[in-house]
Amino acid sequence: MSGNADRTARVVSPNTPVRTRLAAPITTVGRSSDTPPILGQFAQLVRFSLSQGFVELAEELADRIAPIIQRQEGFRSFTLLTDETSGEYIFLTYWETLEAVHAYERSADEWRVRDILAEHLTTVPEIDVFQLHNLPLEAMPPDEEPAE
8 MSGNADRTAR
18 VVSPNTPVRT
28 RLAAPITTVG
38 RSSDTPPILG
48 QFAQLVRFSL
58 SQGFVELAEE
68 LADRIAPIIQ
78 RQEGFRSFTL
88 LTDETSGEYI
98 FLTYWETLEA
108 VHAYERSADE
118 WRVRDILAEH
128 LTTVPEIDVF
138 QLHNLPLEAM
148 PPDEEPAE
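First residue of the sequence shown? That's 8 in the working numbering, and the numbers climb one at a time after it.
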């Protein structure tokens, strides 16, 4: 993959307009600074390729797909990850339960998403589901900075 300057991320949660662009995933309000935000207990990654420099197409696809996924029971967040140089793109969704992921995968909406993607892809996307493990962060004294 290329350097960080070529990568962008876009996040959509149930309460966020689709066109909103954020540098980092949406965090949960009201958590202490040493507790990582909980975006869900499971994540689904859909990795696909488009031609190099097609980030606008990937954003358009995300805009069309996000409203479909947002209405799913147990959905928490949707993120588009892009690497324009390689043409690699990832839709990263967070879910409350594994059952919610499986229910979406068996739904007619999942087929709608596949149909939207299918007309632009030349290979089958890779789809993986991962369980999230939110680990506590060690609090650092305010005067110390992290080592680089």
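Glycine included, each C-beta is placed from N, C-alpha and C at the ideal position.
Legend entry - Unbroken beta strand (DSSP E) run spanning L52, endpoints: 49-56
Inset, instruction - Compute the Euclidean distance between the alpha carbons of P74 and F82, then round it to the nearest angstrom. - result: 11 Å
Inset, instruction - Output the boundary residues of the beta strand (DSSP E) element that contains Q138. - result: 133-138
Legend entry - Three-state class that DSSP yields for R83 in the structure shown: strand
Inset, instruction - Out of S58, Q48, I97, L64, point me to the one whose CA is closest to E133's CA. - result: I97
Inset, instruction - Would you kindly report the start and end of the unbroken alpha helix (DSSP H) that includes E117? - result: 115-125
Inset, instruction - Apply the 10 Å Cβ neighbour rule to T129 and answer buried if 16 or more other Cβ atoms are within range, or exposed otherwise. - result: exposed
Inset, instruction - Have a look at G60 and A125 and give me their C-alpha separation to the nearest angstrom. - result: 19 Å
Inset, instruction - Check each candidate in W102, R119, R71 and name the one with the smallest Cα separation from Q138. - result: W102
Legend entry - Outcome for A69 when other beta-carbon atoms lying within 10 angstroms are tallied against a minimum of 16: buried
Inset, instruction - Run the CB neighbour count on D90, radius 10 Å, all protein chains shown included, and call it buried at 16 or more, exposed below. - result: buried
Inset, instruction - Note down the Cα distance separating L57 from F49, rounded to an integer number of angstroms. - result: 26 Å
Inset, instruction - Report buried or exposed for R38, applying the criterion of at least 16 other Cβ atoms within 10 angstroms of its Cβ. - result: Confidence is the limiting factor: at R38 the pLDDT is only 40, short of 50, which leaves the residue's position unreliable, though a coordinate-based value still follows. Exposed.
Inset, instruction - Could you check the C-alpha separation between A183 and T92 for me, to the nearest Å? - result: As shown, the chain starts at 8 and ends at 155. That puts residue 183 outside it, with no answer to give.
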